[in-house]
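Since the structure comes first, as structure tokens, the remarks are kept for the end.
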Amino acid sequence: MSIGVLALVAVLPIVLALVLMVGMRWPATKAMPVAWLVTALGAVLAWQLPAGYVAALTVQGFVTAIGILIIVFGAILILYTLQYSGGMETIQCGFQGISRDRRVQAIIIGYMFAAFIEGAAGFGTPAALAAPLLLSLGFPPLAAAVMCLVFNSFPVTFGAVGTPVVLGLKFLKDLVEAAVVSGVAGVNFTSMESFNLLVGQWATLMHLPMIFILPIFTLGFITRFFGPNRSWTDGFKAWKFCIFAAVSFTIPYMIFAWFVGPEFPALIGGLVGIGILIFGAKKGFCVPEDTWDFGPHDKWEPEWTGSIAPDEKAEFKAHMSQFRAWVPYILIGLILVLTRIPELGLKGILAGQKVSFTDILGYQGVDASIAYLYLPGTIPFMLVAVMTIFIHGMSGANAKRAWTESIAKMKNPTIALFFAVALVSIFRGSGVGNELLNPNAYPSMPLAMAKTVAAMVGNAWPMFASFVGGLGAFITGSNTVSDLLFAEFQWGVATTLELPRQIIVAAQAVGGAMGNMVCIHNIVAACAVVGLSGMEGQILKKTVWPFLLYGTVVGIVASLLSFVFFPHLF
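Each number in our numbering corresponds to the 1-based position in the sequence shown with 1 added.
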């Protein structure tokens with residue numbers, strides 16, 4: 002069977018998932034199992050892999066998914082714990098007193114606070130948390146959802162304590178080690194850890210222009226479509242505050258990405274940035290002279306407001322001091338730092354505690370493991386959630402409600418992620434180098450696609466690489482799963498075209514981040530929390546434009562970096 006036909010078989014489940022979720026509006030809980038089934042059939046019928054081996058790969062995917070779901074659960078648990086402790090309302094109360102200019106509120110909450118939440122939790126929690134916060138301050142629900150989805154992009158590569166890089170690129174380990182041993186041209190990394198560090202470094206350079214452009218563009222976009230004057234200029238007038246925010250975030254973001262690793266850039270950038278930004282806003286630093294608002298509610302268009310109408314006179318009550326309310330997030334940041342720096346010794350201890358599965362269903366090399374204490378969902382998320390019960394003086398009933406609702410929220414992510422990650426596992430395992438399992442010695446599904454695409458696009462690939470990552474996030478709802486799905490594909494294209502692998506993989510990681518703007522899962526979640534269920538199409542029509550802008554800028558930067566730093570490969 003030709004590579005072209007194999008590539009068509011490999012791309013079929015992806016196209017099918019796209020059609021089912023976008024065209025037919027199926028939820029991922031139904032679409033991903035169907036896509037997995039088509040992938041499994043393709044593996045058996047086209048690749049001629051044994052059905053038992055495909056089943057083993059599926060189980061391997063399920064185990065990997067459990068690790069991701071532990072992180073998701075921990076992130077949701079922190080959110081509900083703070084809601085029922087009164088900590089979240091206290092934080093909302095503090096935000097309300099900083100400024101009444103909607104542009105300033107949008108940058109502090111949608112841009113900076115959400116970046117911190119992404120760095121600490123990820124997996125859709127920033128939009129689900131920041132959008133209702135903006136709604137409660139008086140933003141039109143549609144505007145709040147669009148803004149939070151668009152801003153949930155630049156920090157996502159390093160979201161959930163670097164999970165998209167650390168976990169998302171895990172399947173590249175053998176390829177990275179092989180490239181190091183063989184001395185491939187353009188390889189300036191020595192291990193998987195150093196490769197991850199390089200990917201993070203290049204990714205920051207690709208994100209960098211949009212960290213400055215995005216807040217200005219988004220404010221202009223919002224004032225153009227939701228402002229009383231329908232003017233881009235109203236938003237652009239806040240450009241100084243946008244630049245101030247971008248600088249406040251970027252400096253710690255870059256320092257940690259370049260000198261520490263992929264776990265902390267978004268978390269520390271958001272945490273340090275929000276402190277600087279709030280202090281500056283209270284002092285009036287770079288704040289626009291005029292105070293901008295959306296205008297009277299009776300002048301809003303009907304589609305702006307869903308089932309939850311914002312209250313023009315919304316007021317929040319402080320149930321505790323601001324410091325006490327923020328203690329759980331401070332603890333999360335502190336514990337993550339202490340457990341992620343190798344020199345402190347805790348990283349090795351926690352990472353060494355694993356539940357391992359070797360030779361699953363008797364197939365040699367099909368292994369999986371869960372480092373249950375090293376996953377941020379366990380330490381610090383669950384740990385801090387328990388500590389918050391005592392720090393915030395929660396009642397037993399409220400603590401129980403937080404845990405009960407968090408568990409209930411896991412049903413749909415569990416179904417979708419189990420089959421999405423199982424699909425990824427079959428994708429990567431389809432190219433096994435064993436003639437008994439792979440009698441035709443076919444390349445893996447991602448590599449089959451890579452060779453076909455490489456032949457079509459050539460050295461222009463850096464311009465398009467990020468859009469593949471965006472497609473993966475759009476389909477799977479996760480930057481991490483997008484990287485699991487397409488990292489080997491991107492490596493294969495880079496290898497075939499002799500492009501710098503670390504830059505192309507970085508473009509994949511950045512693309513998976515920008516894909517959160519158009520990700521169906523995130524859009525559905527954001528719509529649900531602001532009362533816009535059924536309006537997903539309206540939001541997607543608006544977020545696709547900043548998505549295309551982001552991808553174009555990233556493509557230009559990736560192309561320039563590839564040519565400037567690796568000219569000998571061209």
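Glycine is no exception: its CB is placed at the ideal position from the N, C-alpha and C atoms. Computed from a predicted model, the values in this text were never measured in an experiment.
Asked                                                                                                                                                                  : Found
Three-state secondary structure (DSSP) at A369?                                                                                                                        : strand
Are the CB atoms of P463 and I504 within a distance shorter than 8 Å?                                                                                                  : yes
If you drop the 5 nearest sequence neighbours on each side, which residues of the same chain put their C-beta closer than 8 Å to that of I380?                         : I336, T340, L351, L374
Going by DSSP, which residues form a beta bridge with F358?                                                                                                            : A369
What do you reckon, are the CB atoms on A508 and S467 nearer than 8 Å?                                                                                                 : yes
For Q365, count neighbouring C-beta atoms within 10 Å of its own C-beta (all shown protein chains included) and say buried if the count is 16 or more, exposed if not. : exposed
Suppose you measure from the CA of T453 to the CA of G5; what does that come to, to the nearest Å?                                                                     : 6 Å
For K318, name the three-state secondary structure that DSSP assigns.                                                                                                  : coil
Just to confirm the assignment, what range does the alpha helix (DSSP H) spanning F190 have?                                                                           : Careful: F190 lies outside any alpha helix (DSSP H) and carries neither H nor E.
Could you tell me the boundaries of the alpha helix (DSSP H) in which L278 lies?                                                                                       : 266-283
Which of the three DSSP states is assigned to F475 in this structure?                                                                                                  : helix
At 4 residues or longer, what runs of the alpha helix (DSSP H) sit wholly inside the stretch 144-188?                                                                  : 160-167, 174-183
Compare the Cα-Cα distances from T481 to each of L418, M207, K542 and report the closest residue.                                                                      : L418
So for P263, helix, strand or coil by DSSP?                                                                                                                            : coil
Cα separation between P440 and L173?                                                                                                                                   : 23 Å
Could you give the distance in angstroms between the alpha-carbon of A282 and the alpha-carbon of T292?                                                                : 13 Å
Using the C-alpha atoms, what's the distance from W37 back to I540?                                                                                                    : 28 Å
Please list the terminal residues of the continuous alpha helix (DSSP H) segment that includes Q49.                                                                    : Looking at the DSSP string, Q49 is not in any alpha helix (DSSP H), and its letter there is neither H nor E.
Which class does W404 belong to by DSSP, given the choice of helix, strand or coil?                                                                                    : helix
Sort I390, S563, K284 by Cα distance to Q84 and report the nearest one.                                                                                                : I390
Which of the three DSSP states, helix, strand or coil, is assigned to K300?                                                                                            : helix
Near K241, what residues of its chain come up, given a Cβ to Cβ distance below 6 Å and the 5 sequence neighbours on each side ignored?                                 : C287
What separation, rounded to the nearest whole angstrom, lies between the Cα atoms of Y54 and S483?                                                                     : 23 Å
Round the Cβ separation of P263 and G397 to the nearest angstrom and send it over; I've been treating them as touching at under 8 Å.                                   : At roughly 39 Å, the Cβ-Cβ gap does not stay under 8 Å, so P263 and G397 are not in contact.
Assuming G470 contacts G512 under a Cβ cut-off of 8 Å, what Cβ separation, rounded to an integer in Å, is found between them?                                          : 2 Å
Would A128 and L143 qualify as a contact pair, given that the criterion is a beta-carbon distance under 8 Å?                                                           : no
Figure out for me which residue from F117, N153, F280 has the closest Cα to the Cα of V105.                                                                            : F280
Alpha carbon to alpha carbon, how far is N189 from W492?                                                                                                               : 15 Å
Take C243 and list the residues in its own chain whose beta-carbon comes closer than 6 Å to its own, dropping the five residues that flank it on each side.            : P216, I217
What is the C-beta distance between Q93 and F317, in whole angstroms, given that I count them as a contact (C-beta under 8 Å)?                                         : 5 Å
Assuming F96 and I77 form a contact by the criterion Cβ under 8 Å, report the distance between their Cβ atoms to the nearest whole angstrom.                           : Wrong, their Cβ atoms sit about 21 Å apart, outside the cutoff.
Round the Cβ separation of L521 and F475 to the nearest angstrom and send it over; I've been treating them as touching at under 8 Å.                                   : What sits at residue 521 in the sequence shown is Ile, not Leu. Indeed, because the Cβ distance is near 7 Å, the residues count as touching under 8 Å.
In whole angstroms, what is the alpha-carbon distance linking K412 and E406?                                                                                           : 11 Å
Who are the Cβ neighbours of V181 in its own chain at under 8 Å, not counting the five residues just before and after it?                                              : V188, F190, T191, S192
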